[in-house]
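Taken in order, these protein sequences are the chains called A and B.
At position 101 of the first sequence (counting the first as 1) the number is 101 in the UniProt record's numbering, and the numbers step up by one without a gap.
At position 186 of the second sequence (counting the first as 1) the number is 186 in the UniProt record's numbering, and the numbers step up by one without a gap.
Each residue gets a CB set at the ideal place from its N, CA and C atoms; glycine is no exception.
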Amino acid sequence: MQSYKLPHFPVCVHAALYTNVSDSDSLRKRLIAASTAEGLDGERERDAVNFSFIEARLITSVNHLRTAVYQAVLAEAQGALRTKTVHSEIIWALNPTNNISEAMRRYGVSDASTSLVVVRVAGPELSPEVIERDMDATVKGTKASFTELQDLTDWAAVKKYHKLGSDVAVREAKGDLERERIVVDDIVVSSVAMKSVMG
Amino acid sequence: MTSPSLTLISTSTLISQGAEAKVYKAHLTADPSDAPILLKHRFRKGYRHPTLDGSITRTRVAGEARALLKCLRSGVNVPGVRMVDASEGILGIEWIDGQSVRKLLPGGAGEDDEEQEEDDQIDLLQEYDISVEILMQLIGQEIAKMHLADVIHGDLTTSNMMLRHPSTFKSCHATLRTELVLIDFGLSYHSSLVEDKAVDLYVLERAFTSTHPDAEPLFASAMQAYEQRMGKEWAAIGRRLDDVRLRGRKRSMVG
């Protein structure tokens, strides 16, 4: 797990990558149940899954992830969230359109997800050890280094969702895989960063 | 509570200030492995009504960010967008390590001792492993790519072009170790009109000949590279450029 501070906000961000995730279907069901559960049990359950569960194959780089987290935290600080929590906002920020349920379907955990990025935006008082323990308790999978992210990325799906197929920049880089990935990552990161003014 | 973006600015290093905006070098996270970014803050203008000021600022930040994304998608070398806070008038873009083209060409360095200046330029060109001739071609090519995407820069000068330092990125070009990057899209707009493209070129031509009078003959190779890249679109733009040279940037409204 990696943790970093956003010094201009009262928050610390914790993120971990899990591969070989085997329980994504039950995890998804659990999230849906938790969101509607009532009473004290509901509170407790929501607390236990208070993370952003992100489809790792759609993340092109650490920079991509951090850009989405930053814009979500900024929106929360300004009282400008479009979704209910900062964690769902991260997922919304990743998707190029304004459709929330589409964002959840694509960038959130789905039954077919085998690798997940789990993010927790927390106050500085929560220790990384506790958060990591809670993450490990929620996700059944192998924890991996973020250096593996690039190999997990489904570049075809990224290009499709961002409609990059016909872009000159991407067409020009065709045949040079490394260059194409840099170009795609650059466009995707920029799209996430400026989503608030795209409309 | 003060806004987080203003706190961010208060901890950043001011690089330059104009009438419209201040530019800073900043870090979004406390993680030292994260690259720095460049912040462009369109500060509040006291001479405008606050409501109008807010909406003008928002529109301009959005416009600049959209122009950058359009360029990125069209394969024009520009800095990527890294963060946007339109309500505060802040645009965060990729930090480019390198040198302004203005400083690489004769006349651009300022009033310093002239011989000293020439030596510096030769050193710089060597550092970037590029000849003036190739540099001029890159300028023409990059502007052509931008115009083919129907983006008009609006303020083309050699100060608004940079060369990336060879040590800070991996060039995808076989023989070239640097890259020409167009910056400052604050006055840019979308247009497919021949007139707008011709005026964009004319503005550069004027800026170039006044900043680098000694390098004027070189400008032809930039134009040649532009011509080549534009293909069949060039004929109309070239014709219009001749008209613009005769009448100046502003179109006469007489008649």
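Closer than 8 Å to chain B by CB, residue i
i                     : result
residue 150 (chain A) : no
residue 174 (chain A) : no
residue 118 (chain A) : no
residue 216 (chain A) : The requested residue 216 (chain A) does not occur in the structure, where chain A is confined to residues 1 to 199.
residue 74 (chain A)  : yes
residue 127 (chain A) : no
residue 191 (chain A) : yes
residue 122 (chain A) : no
residue 60 (chain A)  : no
residue 1 (chain A)   : no
residue 67 (chain A)  : yes
residue 145 (chain A) : no
residue 197 (chain A) : yes
residue 157 (chain A) : no
residue 194 (chain A) : yes
Straight-line Cα distance separating residue j from residue i
i                     : j                     : result
residue 101 (chain B) : residue 158 (chain B) : 5 Å
residue 230 (chain A) : residue 141 (chain B) : Nothing can be reported for residue 230 (chain A): it is not among the residues displayed for chain A, which extend from 1 to 199.
residue 162 (chain A) : residue 118 (chain B) : 47 Å
residue 103 (chain B) : residue 194 (chain A) : 31 Å
residue 179 (chain B) : residue 49 (chain A)  : 46 Å
residue 188 (chain B) : residue 217 (chain B) : 27 Å
residue 176 (chain A) : residue 238 (chain B) : 34 Å
residue 220 (chain B) : residue 67 (chain A)  : 42 Å
residue 213 (chain B) : residue 207 (chain B) : 10 Å
residue 9 (chain A)   : residue 224 (chain B) : 51 Å
residue 144 (chain B) : residue 249 (chain B) : 19 Å
residue 87 (chain B)  : residue 215 (chain B) : 43 Å
residue 156 (chain B) : residue 148 (chain B) : 16 Å
residue 181 (chain B) : residue 130 (chain A) : 45 Å
residue 192 (chain A) : residue 62 (chain B)  : 13 Å
residue 17 (chain B)  : residue 108 (chain A) : 42 Å
residue 97 (chain B)  : residue 165 (chain A) : 30 Å
residue 75 (chain A)  : residue 81 (chain A)  : 5 Å
residue 150 (chain A) : residue 60 (chain A)  : 6 Å
residue 125 (chain B) : residue 155 (chain A) : 37 Å
residue 14 (chain A)  : residue 58 (chain B)  : 31 Å
residue 103 (chain A) : residue 244 (chain B) : 49 Å
residue 106 (chain A) : residue 185 (chain A) : 18 Å
Under the three-state DSSP convention, the category residue i falls into
i                     : result
residue 187 (chain B) : coil
residue 78 (chain A)  : coil
residue 73 (chain B)  : helix
residue 51 (chain A)  : coil
residue 22 (chain A)  : coil
residue 26 (chain B)  : strand
residue 174 (chain B) : coil
residue 85 (chain B)  : strand
residue 11 (chain B)  : coil
residue 156 (chain B) : coil
residue 73 (chain A)  : helix
residue 181 (chain A) : helix
residue 66 (chain A)  : helix
residue 49 (chain B)  : coil
residue 120 (chain A) : strand
residue 109 (chain A) : coil
residue 16 (chain A)  : strand
residue 206 (chain B) : helix
residue 41 (chain B)  : strand
residue 115 (chain A) : coil
residue 31 (chain A)  : helix
residue 16 (chain B)  : strand
Contact with chain A by residue i, beta-carbon distance below 8 Å
i                     : result
residue 83 (chain B)  : yes
residue 73 (chain B)  : yes
residue 248 (chain B) : no
residue 87 (chain B)  : yes
residue 211 (chain B) : no
residue 28 (chain B)  : yes
residue 7 (chain B)   : yes
residue 97 (chain B)  : no
Any C-beta of chain E under 8 Å from that of residue i
i                     : result
residue 188 (chain B) : Protein chains A and B are contained in the structure displayed, whereas chain E is not.
Please list the segments of the alpha helix (DSSP H) lying wholly inside the region 98-149 of chain B, counting only runs of 4 or more residues, in order along the chain.
101-104, 114-127, 132-148
Residues of the region 3-24 of chain A with Cβ closer than 7 Å to any Cβ of chain B, in chain order
4, 5, 6, 7, 8, 9
Could you list the residues in the region 161-186 of chain A with a C-beta less than 7 Å from some C-beta on chain B, going in chain order?
167, 168, 169, 172, 176, 179, 186
What are the residues in the region 41-56 of chain A lying within 9 Å of chain B by C-beta distance?
none
For the region 40-65 of chain B, which residues have a CB atom closer than 7 Å to at least one CB atom of chain A, in sequence order?
61, 62, 65
Contiguous beta strand (DSSP E) assignments of at least 3 residues, all confined to the region 126-174 of chain A
142-144
Output, in sequence order along the chain, the residues in the region 74-97 of chain A whose CB is closer than 9 Å to any CB in chain B.
74, 77, 78, 80
Could you name the residues of the region 116-149 of chain B whose beta carbon sits closer than 9 Å to any beta carbon of chain A, in the order they occur along the chain?
145, 148, 149
Can you give me, in chain order, the residues of the region 212-225 of chain B that have a beta carbon less than 7 Å from any beta carbon in chain A?
none
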